[in-house]
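Quick note: the sequence shown uses the UniProt record's numbering, first residue 1, plus one each step. For glycine and all other residues, C-beta sits at the position ideal for the given N, C-alpha and C. Okay, structure first, notes after.
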Amino acid sequence: MVTPTARPRSVAQDTAEWLLNLDPGPLEAFCTRTIHGFRTPLSIHPARPSSTSTFTVSTPDNRYALRRSIDSAHNADLEREFRMLAGLNQRNFPVPRPLIYCDNEKLIGNAFYVMEHVEGRHYNDPIMPGASSAYRAKAYESLNTVLAQLHSFDPRAIGVATAGNGRNYVADQVERCTKHYVAAKIEDIPEMDKLIAWLPKHLPPDRPSRLVHGDFRIENIVFHPSEPQVIGILNWKLAGLGDPIADAVYHFMAWILMGHGTSGGVSEEELAELGIPALEIYAASYAHRAGLKTIPHFETYFAYNLFRMAVLQGIATRNGKAKSVAQIRPIAALAWAFARRAGAT
């Protein structure tokens with residue numbers, strides 16, 4: 001008789017159990033003691049339905065955000081994230097103000113930090129549904145400005161010079177993504193195999209390391225409640241030292257995806273009517289702000305970022321194998337198209 005193997009618990013299941021069993025008393029006492037003006041009682045719930053590490057903490061007259069470590073092995077990453085936000089906040093960069101870090105796992109079962117909750121407008125679509133064309137134009141200008149500003153900071157001044165040296169950033173990312181893809185491979189996707197062979201031999205040369213966000217897209221941005229101005233950049237878990245051009249081109253992918261169906265397939269003419277600048281103009285604006293004449297190795301950076309996105313999509317949907325392959329194929333095809341523009345055969 002074969003004994004069925006128990007299915008491993010998911011992080012979401014562990015998070016639900018953690019919330020169910022959480023005793024708020026120690027957290028209330030700690031926050032009351034360390035955060036000025038903190039009042040009890042508190043309630044805590046996931047910041048987003050699928051969130052497993054970021055939570056909204058509500059009190060009688062305020063809201064806060066809490067980030068927890070999933071396990072002890074990631075405590076150092078969480079503390080580095082806290083220091084990074086503190087350094088950026090001190091330079092008036094639009095991030096939530098971090099309030100307190102706690103490595104005492106006895107309080108809630110994990111290390112954690114608390115930061116201010118940023119109230120404002122959120123968009124889950126780069127089209128910004130419901131916004132006026134004038135609003136979109138200024139909002140995208142604000143996005144462009146803050147991204148270039150982020151990449152201008154000296155990492156040592158922000159306090160993240162120890163977050164790896166940032167060398168071989170893109171090569172390391174390609175190697176890591178390749179390992180993830182091969183380990184979870186379900187069926188052959190020819191474009192992915194071609195990219196795995198081509199990318200390591202044709203990557204852009206290393207650039208001076210800068211602080212990179214790692215996931216700079218509209219879903220992680222908070223805009224002013226009434227003005228087209230970025231007031232909060234969220235989700236810094238992938239941040240560190242790296243290649244600023246790779247980080248910028250990741251952001252530019254929104255234009256490619258908008259043109260290939262994620263928002264219904266939007267043409268350049270339609271984008272102009274919406275107030276969203278053409279990619280060439282937007283990229284040139286970033287280059288000017290970053291002190292560059294042009295964005296170097298444009299097509300190769302796009303191929304790399306789309307390859308990375310395809311792998312991340314596969315990881316996100318790995319519990320549904322057919323869905324995973326369906327998600328990866330069109331992105332892989334786009335990535336290989338950019339590789340061919342860069343000279344791949």
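>> Check whether the segment 193 to 212 and the segment 135 to 155 touch, using three or more Cβ-Cβ pairs below 8 Å as the test.
In response: By the criterion of at least three beta-carbon pairs nearer than 8 Å, the segment 193 to 212 is in contact with the segment 135 to 155.
> Assuming Arg39 and His117 make a contact with CB atoms under 8 Å, what is their CB distance in whole Å?
Replying inline: Incorrect: roughly 14 Å between the Cβ atoms, too far for contact.
> Near Val57, what residues of its chain come up, given a Cβ to Cβ distance below 6 Å and the 5 sequence neighbours on each side ignored?
Replying inline: Closer than 6 Å at the Cβ level, and outside the excluded window around Val57, lie Leu42, Ile44, Tyr64, Leu66.
>> Looking at Ala248: is its Cβ nearer than 8 Å to the Cβ of Thr300?
In response: Between Ala248 and Thr300, the C-beta gap is not smaller than 8 Å, which leaves the two residues out of contact.
> Thinking just about the alpha-carbon of each residue, which of Glu191, Val170, Arg156, Asp193 is nearest to the one in Asp206?
Replying inline: Looking at the Cα atoms, Val170 is the closest of the given residues.
>> Does His288 come out as helix, strand or coil in the three-state DSSP assignment?
In response: Three-state DSSP puts His288 in a helix.
> Going along the chain, which residues of its own chain have a beta-carbon closer than 8 Å to the beta-carbon of Ser263, five neighbours each way excluded?
Replying inline: Residue confidence is low: Ser263 scores 44 on pLDDT, short of 50, so the model does not pin down where it sits. No coordinate-derived value is stated.
>> Using only the alpha-carbon positions, how far apart do Arg68 and Asn104 sit?
In response: When rounded, the distance between both Cα atoms is 11 Å.
>> Please report the distance separating the alpha-carbon of Glu219 from that of Val114.
In response: When rounded, the distance between both Cα atoms is 21 Å.
>> Looking at the strands, I want to know which residues DSSP matches up with Val57.
In response: For Val57, which the question treats as bridged, DSSP gives the partners Ile44, Tyr64.
> Run through DSSP, which three-state label would Phe112 get?
Replying inline: Phe112 falls in the strand class under three-state DSSP.
> In chain order, what residues of the same chain have a beta carbon less than 7 Å from the beta carbon of Ala339, not counting five sequence neighbours either side?
Replying inline: If we look at Ala339 and ignore the five residues flanking it on each side, its Cβ neighbours are Leu195, Trp198, Ala303.
> By Cβ distance, which residues of its chain are closer than 7 Å to Val230, with the 5 residues on each side in sequence left out?
Replying inline: Correct list, in chain order: Pro94, Ser142, Leu143, Val146, Ile221, Phe223.
> Does the distance from the CB of Lys191 to the CB of Val325 come in under 8 Å?
Replying inline: The question names Lys, but residue 191 in the sequence shown is Glu. Between Glu191 and Val325, the gap from beta carbon to beta carbon reaches 8 Å or more.
> On the three-state DSSP scale, how would you describe Ile233?
Replying inline: In the three-state reduction of the DSSP assignment, Ile233 falls in the strand class.
> Thinking C-alpha only, which one of Pro244, Pro24, Ile245, Tyr123 is nearest Lys106?
Replying inline: If we check each option's Cα against that of Lys106, Pro24 comes out closest.
>> Beta-carbon within less than 7 Å of Ile276's beta-carbon, same chain only, minus the 5 sequence neighbours each way: which residues are those?
In response: Arg136, Tyr140.
> In whole angstroms, what separates the C-alpha of Pro129 from that of Gly314?
Replying inline: Rounded to the nearest whole angstrom, the CA to CA distance from Pro129 to Gly314 is 27 Å.
>> For Tyr286 and Ile245, what's the separation of their Cα atoms in angstroms?
In response: Going from the Cα of Tyr286 to the Cα of Ile245 covers about 10 Å.
> In three-state DSSP terms, what is Ile245?
Replying inline: The answer is helix: DSSP assigns Ile245 an H, G or I state.
>> Between Leu22 and Ile100, how many whole angstroms is the CB-CB distance? I'm expecting something under 8 Å.
In response: In this structure, Leu22 and Ile100 do not form a Cβ contact; the two beta carbons are roughly 18 Å apart against a cut-off of 8 Å.
>> By alpha-carbon positions, which one of Met309, Glu270, Glu119, Pro26 ends up nearest to Gly232?
In response: Ranking the options by Cα distance to Gly232, first place goes to Glu119.
> Terminal residues of the continuous alpha helix (DSSP H) containing Ile196?
Replying inline: Boundaries of the alpha helix (DSSP H) around Ile196: 190 to 198.
> Thinking C-alpha only, which one of Thr345, Pro26, Leu20, Ser50 is nearest His202?
Replying inline: If we check each option's Cα against that of His202, Thr345 comes out closest.
> Taking the beta strand (DSSP E) that Tyr123 falls in, what are its first and last residues?
Replying inline: Counted as a single uninterrupted DSSP element, the stretch harbouring Tyr123 is not any beta strand (DSSP E), since DSSP gives it neither H nor E.
>> Beta-carbon within less than 8 Å of residue 380's beta-carbon, same chain only, minus the 5 sequence neighbours each way: which residues are those?
In response: Outside the displayed range of the chain (1 to 345) lies residue 380, so it cannot be described from this structure.
>> Which residues does DSSP list as the beta-bridge partners of residue 347?
In response: Residue 347 lies beyond the residue range present for the chain, which begins at 1 and ends at 345; the question has no answer from this structure.
> Count the other CB atoms within 10 Å of the CB of Leu20; is the residue buried (16 or more) or exposed (fewer)?
Replying inline: Taking a 10 Å sphere around the C-beta of Leu20, we find fewer than 16 other C-beta atoms and assign the residue as exposed.
> In terms of alpha-carbon separation, which member of Asp243, Ala239, Phe307 lies closest to Ala290?
Replying inline: It is Asp243.
> Which residue comes first and which comes last in the alpha helix (DSSP H) that contains Leu19?
Replying inline: That run of the alpha helix (DSSP H) goes 11 to 21.
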